Amino acid sequence: MDRLSIGFLSPGWPFAEYPNGIVGYIETLAPILIARGHRVTVVAGKAGAGPFTVPVYDIEQDLKARGLRRRLLDSFAYRIDPQGTIRRMNRRHVAATVRRAVREQGIQVFEMEESFGLAEAVREQVSIPVCVRLHGPWFLNGQALNVAQDDVYRRRVADEEIAIRSAEAITAPSLDVLRQTRAYYNLELPDAVVIPATTPSVPPEERWRLDGCDRNQVVFVGRFDRHKGGDLMIEAFAHVLHEIPTARLRFIGPDRGCIADDGKTWNLLDHVRQRLPGAIENGRFEWLGQQPFPALAGFRRGAMATVVCSRYENFPLAAVEAMALGCPTIAANAGGIPEIVEHDRNGLLHEPANPGDIAAKIIEILKNPDQAVRLGRQAAIDCEHRFYPEPVATQTIQFYRQLLDRRSSAR
């Protein structure tokens, strides 16, 4: 069993067309697994035109390929129960596509996220072990987004509990999400392990340098929504401008709308105009929208400080990507972030959802270039040892070999 065949469920493929943390994690890990002689297969919610370096199965195309009778039945059911029909269709087609991939590619173990409890539907259709990876349980991410805890919310949370409870294997990118899942669902999950996500390797010559950045520039990479804390970033920067009027904020990411405490949804530019009057016109605030992933490194290297102010993060890829570049990074002391960012060693931690403290940490970095250099240098070293693809691939293969050995011994 020296060489394994591993399947992954991905929301889309490839990352260049579907920029998403799970897609990026799989796409970064896959080449290392393949280089070590293992086989990787991807089952994607949507897939681009290709060609791809790994076998890719497109769930959306399988859905479109339904026969006339199946389409008519689904259409009729949708009129009666829209939400229930969508749920059943998703479960049916994800499971069918995974089953086909397992059969055709000889997959020995299949890894997929907990979302919507789809892993339970897959587990019922395949004979191989299905590993549920806790990328972002809805009882955590839904609350971070401040979504209504209605019947749809409760059904998703319950479906995810079933999938987690019955999973043959569980991995988590952070200890925090594993602990919270155990507590919320009252599950022991004794064999679950923490295996971090991964970030692309960065050669030393491509890392952040003090003489290569704008010392007044602050960058935020993330969605404008409640989860990623885009509203907190805007409010914090208002405090920064009072102290350092020459500071500039570059906001990179899509506008998804942010649900405030009173239930009102703000769009990004309206929020900026209210909190930072005149900042758009005088160049203190710049919104670049969603950018291609390769361009992000340049934006991060060009800033004096990178800020991650999410209300919750399981494994903060935005922080790890910046740290791997050696960028001075400020991040929330929330979720799995303090497992990665050690305050005043490889970054600065701010109090969660506290714009004043976010601003204080930004001002500290902008005013102390020697500290920024020290933090960025240590961040790059830590990422190389912990989050580069090689060490993560080693942990992943070791865990799956143990899983298959346990199954073989039990039989």
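The sequence shown begins at 2 in the numbering used here and counts up by one.
Note that beta-carbon positions come from the ideal geometry of N, C-alpha and C, so glycine has one too.
None of these values were measured; they are calculated from a predicted model.
Selected residue, minimal CA-CA separation from residue i, among the options
i	options	result
G213	C132, G299, R227	G299
A48	L69, L135, G13, G279	G13
E114	P174, R407, L349	P174
G118	L176, L250, I281, L10	L10
D345	A304, I366, A31, A296	I366
E207	V41, P295, L250	P295
I87	L64, Q109, G68	L64
V24	L30, F16, A31	F16
V103	N334, D151, Y58	Y58
D383	I7, S409, N369, V321	V321
A337	R312, D358, A323, I359	Before going further, note that residue 337 is Gly rather than Ala in the sequence given. Out of R312, D358, A323, I359, R312 has the C-alpha closest to the C-alpha of G337.
A122	F221, L30, A164, L74	A164
R216	R301, N187, F400	R301
V133	A66, D358, L404	L404
I341	L297, A304, D358, H386	H386
E314	I27, P52, G143, A184	G143
E105	L146, H94, R124, P56	P56
A50	A31, Y19, R72	Y19
R1	V158, A170, Q150	Because the chain spans 2 through 412 in this model, residue 1 falls outside it and cannot be assessed.
S6	A36, S410, Y186	A36
G303	H272, R257, F221, D358	F221
R407	V110, R80, V148	V110
I27	N91, H136, A159, R101	H136
R378	P205, F53, G22, N21	P205
L176	Q291, F140, P339, R274	P339
D1	Y401, S410, R101	No answer is possible for residue 1: the residues shown for the chain start at 2 and end at 412.
H94	I81, L73, G46	G46
DSSP state of residue i mapped onto helix, strand, coil
i	result
S409	helix
S76	helix
R166	helix
V1	It is not possible to answer for residue 1, since the shown part of the chain is limited to 2 through 412.
T54	coil
D3	coil
D59	strand
A280	coil
H39	coil
E314	coil
R134	strand
E148	In the sequence on display, residue 148 carries Val and not Glu. Of the three classes helix, strand and coil, the one that applies to V148 here is coil, per DSSP.
L190	coil
F388	coil
F286	strand
V153	helix
I171	strand
G48	In the sequence as presented, Gly is not what sits at residue 48; that position holds Ala. DSSP places A48 in strand when its eight states are reduced to three.
F140	helix
F400	helix
G25	helix
G377	helix
Beta-carbon proximity check, residue i vs residue j, cutoff 8 Å
i	j	result
P356	E236	yes
A325	F388	yes
Q84	V153	yes
E161	P130	no
A120	A168	yes
F316	P197	yes
A96	Q62	no
V44	L34	no
V241	A360	yes
A332	G348	yes
T98	I60	yes
E112	G223	no
L297	R251	no
V203	A319	no
I364	E244	yes
G231	L269	yes
R1	Y186	Here the chain has residues from 2 to 412 only, and residue 1 is not among them.
P370	L211	yes
R285	R257	no
S233	C310	Reading the sequence as shown, one finds Leu at residue 233 and not Ser. The answer is yes: Cβ separation under 8 Å.
T172	P390	no
K362	H351	yes
Residue i Cβ short of 7 Å to the ligand FAD heavy atom set
i	result
I87	Questions concerning the ligand FAD fall outside what the structure shown contains, since it holds no ligand whatsoever.
Exercise for the section: Taking only runs that begin and end inside the segment 83 to 131, name each unbroken alpha helix (DSSP H) of 4 or more residues, in chain order. Expected result: 83 to 106, 119 to 124
Practice task
Go through the segment 204 to 274 residue by residue and report every complete run of the alpha helix (DSSP H) that reaches 4 residues or more, in order.
Solution key: 231 to 244
Practice task
Count the C-beta pairs between the segment 215 to 233 and the segment 253 to 264 that are closer than 8 Å, then say yes if the count reaches three, no if not.
Solution key: yes
Handout entry: Meets three-Cβ-pair contact criterion under 8 Å: the segment 277 to 285 and the segment 192 to 199
Key = no
Practice task
Report yes or no: do the segment 326 to 337 and the segment 390 to 399 share at least 3 C-beta pairs separated by less than 8 Å?
Solution key: no
Practice task
Say whether the segment 265 to 272 touches the segment 179 to 187, bearing in mind that this needs 3 or more beta-carbon pairs closer than 8 Å, one atom from each stretch.
Solution key: no
Handout entry: Every unbroken beta strand (DSSP E) within the segment 294 to 358, with a cutoff of 3 residues, ordered by chain
Key = 304 to 309, 330 to 333, 349 to 351
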